[in-house]
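2 protein chains.
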Amino acid sequence: MPIFSQNQATTAENLYMNATRRGLPKEKMTDNGMMSRAKVLTIDNMNPTVKKVEYAVRGPIVQRAVELERELSEGMKKPFAEVIKANIGDAHAMGQQPITFFRQVLALCSYPELLSDSTFPEDAKSRACRILQSCGGFSMGSYSASQGIDSVRQDVAQYIQRRDGGVPCDPDNIYLTTGASDGIVTMLKLLVCGEGTSRAGVMISIPQYPLYSAALAELGAVQINYYLNEEACWSLDIPELQRAVNEARRYCNPRALCIINPGNPTGQVQSRQCIEDVIRFAAKERLFLMADEVYQDNVYADGCQFHSFKKVLFEMGPEYSETVELASFHSTSKCYMGECGFRGGYMEIINMDDDVKAQLTKLVSVRLCPPVPGQALMDLVVNPPQPGEPSYNNFIKERTATLSALAEKAKLTEQVLNTVEGISCNPVQGAMYSFPRITIPEKAVQEAAEKGQAPDMFYCMKMLEETGICLVPGSGFGQKDGTYHFRMTILPPKDKLQILLNNVKEFHQRFTLQYS
Amino acid sequence: MPIFSQNQATTAENLYMNATRRGLPKEKMTDNGMMSRAKVLTIDNMNPTVKKVEYAVRGPIVQRAVELERELSEGMKKPFAEVIKANIGDAHAMGQQPITFFRQVLALCSYPELLSDSTFPEDAKSRACRILQSCGGFSMGSYSASQGIDSVRQDVAQYIQRRDGGVPCDPDNIYLTTGASDGIVTMLKLLVCGEGTSRAGVMISIPQYPLYSAALAELGAVQINYYLNEEACWSLDIPELQRAVNEARRYCNPRALCIINPGNPTGQVQSRQCIEDVIRFAAKERLFLMADEVYQDNVYADGCQFHSFKKVLFEMGPEYSETVELASFHSTSKCYMGECGFRGGYMEIINMDDDVKAQLTKLVSVRLCPPVPGQALMDLVVNPPQPGEPSYNNFIKERTATLSALAEKAKLTEQVLNTVEGISCNPVQGAMYSFPRITIPEKAVQEAAEKGQAPDMFYCMKMLEETGICLVPGSGFGQKDGTYHFRMTILPPKDKLQILLNNVKEFHQRFTLQYS
């Protein structure tokens, strides 16, 4: 705390008097009787909704992981040689390679002088030209339209139409975003309203991806939990949705239903039937549907297939396709691309009221535009090299290699974890994570309570300190009371993943022994 | 409105019953007596704070400009050959060239295979390597730390320290952002609290950059206007600040004071004395200072110089430097770079309470990280080629050319506009805009009123239709009642700017004649 010097006493006194007169926070008296100035902005008078925000994926355990990395680099001795961050779906950081074609086009767009470089393939050049022609002054440094570059939105619409077997898609319903998170928060923002028992409620799965709970906390909306059925491979059961909405109507105004498919953190892939049932439920209960489909290419398990909410909605006929309001989200960060750092994404809105849509367009204009390199990348994702183009074969090779490796690692993770007594892991059907259930001995639960920690936070923190493996405790995503989990990405290279899984296994056995 | 078919009447009826029972919006009856489903999300039940948001820089006039461009491209006849968008500080779109070195490094970072290309200068390569080494997996596709890449924050801190004549800067106080807008909104978010007469108030200049009013509307904070003194070259007068805060204390809790220097839309550059007075005022009135300094390199007028709030604060001694809370903002979008599309930026926070800072760090983690290409670009801006490095001379040449051209265009704009009777324009001392005052004849004011338009909106819309020039009416930024202005960027190339100014002149004369 800064201290006023003696000769500034008069000023300080004046300030004190001023503050007191106005009923403002008083300056604090320090040990030596001097006055130190109280802060204008304090934890007590800051925005209370911000304080309620929690985001476990980058919470205390990750902060400790960063500290440990620094300690290691400073030569401090640890029982491990490196910290492995399996807490976040950060593919490139785990060694996944970017798609060559995408990066070539981005380099060409960044520095168009390269367009005359004969080492770049022609299809990369023509793609870069097309993107740059849609940018003011032929530069990615220009602002784009707030909704996103027109030609990119057209390409997104065509991609969706292809993906959904010809169901029409209007580019005017596409909004490019700064990663999917941005789109999700923007949509939630539109839905928030009311006070007391009329306050807007939003249904989210438990376990959930904590962006949802964080955004709802910040926006002051009510979080309505519906529980996925762990015993049935994290399935989404309609009676549970019904229970949740019925209970919620007593204390809030349920307005939206959020679904993550393929699931994060739970890795399940929903069946077509399930999606149809969810749409029927949303129509019956008058809920705005939000479908987080950022893992749409990450489907590994036999018999599983990605079905978009949009496609199923349209297959259900006009009673649904012309009425149910839906926003769906995609991103450049996941699937085979893993380009998180570019913050590219889009959302498609269906059946949105025209006046609300105008408000949405106005709202996104305040932030000017999503990052243009991310928009360019989104364009490449939805419009990759085509058969016959020079980059096609290599693109397919790279994409297949990444997706096959992920499928293999999904299986490996499930298999190894299920060999451990006290760990049980549902099949990783899709996405990039396993979310195994762990048994934590009563003695450890007690020790955690003494430390004021959730039992699985205590478990994960201990694992980090002993093995250098950074996971996220299940409590950060939500789970049924009395159950414990962790989320672990399947992203490390296979040999490293094998070692990691063995270390998890050994740690779990040691931990169980220690606290039994 | 979609209509249920006859055979779906039962379902529709059920839905109607359900809705009625729950007191939800009823389905609407259409002309033929069928029921059409009411939307879940409507203009009446959406977030009311979003509805209050306005953002003139991309408002109706720009939407009309886009329409006109489309009509022109479809061969429709207009009294002009092209639409000139002088509404927004979008430098590259107006033909300003990117800095070669910046784009070379970005290309190298996007596609590191180019590191072995001998046509790239060595300093660009080493800079790209340094950035990539700070990225997980040597890839810009990895998430960075939420606060931004460590090495970039270090470079920002060193830049600030150099800029401010050695005043120390801690990288831990630097947060990289998605353009400056993101940082400004995040800071405002922390400050919001209270209800009724305790509701947080934020002082902003009038005229202002409408991001501020938009963010305050969305956050439900009170906007406290203080008026810049147009007669004294848009100076900021302390008695006016005092008037504004005194009045505001009757109905809200003034917590922060926002300053834009160099000014947007008004182009003034504040004197060191003025900044010192503002700091004293903020200390006395216990206001958190927010200094929007994104135009710090855009200073043209003789005798004007940019003084950062940070530097002045520290020169005022510990009574101020250790107590006054300050956030300052910078961006890659303006100055000589004009790289708007990359959405790069940073904020520095001074004297922020440690607990609040922890909340800020948590809050930014929910959005994972600012776009990494924008972070890389910010790094290059704060750490450009140094004397002796291969790219130095060319960098200086390009930067100087851009800044000299802007200085010339600032002067030209002021001079030409001041030759027009009924237009009076303060010197464009800095930033990228002129904000001239215009006389609008009473008859035009009346016609505007009949159309439900602000008089200067009516004027600008007419100018757009007749000349293709897109400006923003002063009413979008705020102005003293009964005065009218427009904001025009000085960015078009000189020959084009000359034509544009002549067209504005002719339009104004025609308009005045027509309505006199």
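Protein chains in written order, with full-length UniProt numbering: chain A, 1 to 516; chain B, 1 to 516. Glycine included, every Cβ here is placed at the ideal spot set by N, Cα and C.
Return helix, strand or coil for residue i, following the three-state DSSP convention.
i	result
A:F395	helix
A:R367	coil
B:T512	helix
B:E13	Annotation note: pLDDT 39 at B:E13 (below 50); position unreliable, coordinate value reported separately. Residue state, collapsed to three classes: helix.
B:E506	helix
B:E348	strand
A:L377	helix
B:P254	strand
A:I149	coil
A:T177	strand
B:S144	coil
A:S235	strand
A:N47	coil
Look at the Cβ atom of residue i, then the Cβ atom of residue j, and state whether they are nearer than 8 Å.
i	j	result
A:Y459	A:I490	no
B:A256	B:M203	yes
B:V372	A:G341	yes
A:Y346	A:I499	no
A:Y227	A:E240	yes
A:P168	A:Q154	no
A:F102	A:L380	yes
A:V57	A:P210	yes
B:V299	B:I275	no
B:P207	B:G422	no
B:I259	B:D292	yes
residue 518 of chain B	B:M140	Lying before the first or after the last residue shown, residue 518 of chain B is absent from chain B, which here runs from 1 to 516.
A:V40	B:E325	yes
Can you tell which of the options has its C-alpha closest to the C-alpha of residue i?
i	options	result
A:S235	A:A248, A:Q270, A:I149, A:M46	A:Q270
B:L501	B:F314, B:P436, B:G474	B:P436
B:K52	B:G166, B:R37, B:A217, B:Y143	B:A217
A:I469	A:R280, A:V40, A:I88	A:I88
B:L406	B:Q242, B:S391, B:L377, B:Y433	B:Y433
A:H92	A:C193, A:K334, A:D150	A:K334
A:E230	A:G303, A:V428, A:A81	A:V428
A:K512	A:A232, A:V420, A:C233	It is worth fixing the name first, because residue 512 of chain A is Thr in this sequence and not Lys. The residue with the shortest Cα to Cα distance from A:T512 is A:V420.
A:L219	B:I224, B:Q223, B:K189	B:K189
Going by DSSP, which residues form a beta bridge with residue i?
i	result
A:Q223	A:V202
B:V299	B:G430
B:D292	B:I260, B:F329
B:H485	B:R437
B:I469	B:I84
B:I423	B:I438
B:N418	None; B:N418 has no bridge partner.
Do you know how far the Cα of residue j is from the Cα of residue i?
i	j	result
B:A157	B:R70	45 Å
A:D277	A:D164	19 Å
A:I396	A:E408	18 Å
B:D456	B:N418	18 Å
A:C181	A:M488	A small correction: the amino acid at residue 181 of chain A is Ser; Cys does not occupy that position in the sequence shown. Using only the alpha carbons, I get a separation of about 20 Å.
B:S331	A:V185	24 Å
B:A200	B:A215	13 Å
A:C425	A:H485	9 Å
B:Y295	B:P262	6 Å
B:A448	A:M352	32 Å
A:K310	A:F288	13 Å
A:M34	B:V245	For A:M34, the predicted model reports a pLDDT of 44, less than 50, meaning its position is unreliable; a value from the coordinates is still stated below. Their backbone Cα atoms lie some 29 Å apart in a straight line.
B:R431	B:R162	A small fix is needed here, since residue 431 of chain B is Ala in this sequence, not Arg. About 22 Å.
A:E195	B:C369	32 Å
B:A410	B:F306	16 Å
B:F314	B:Q104	37 Å
A:E319	A:I279	11 Å
B:V382	A:P492	34 Å
B:V504	B:Q97	26 Å
Hey, does residue i have any beta-carbon neighbour from chain C nearer than 8 Å?
i	result
B:C340	No chain C is part of this structure, whose protein chains are labelled A and B.
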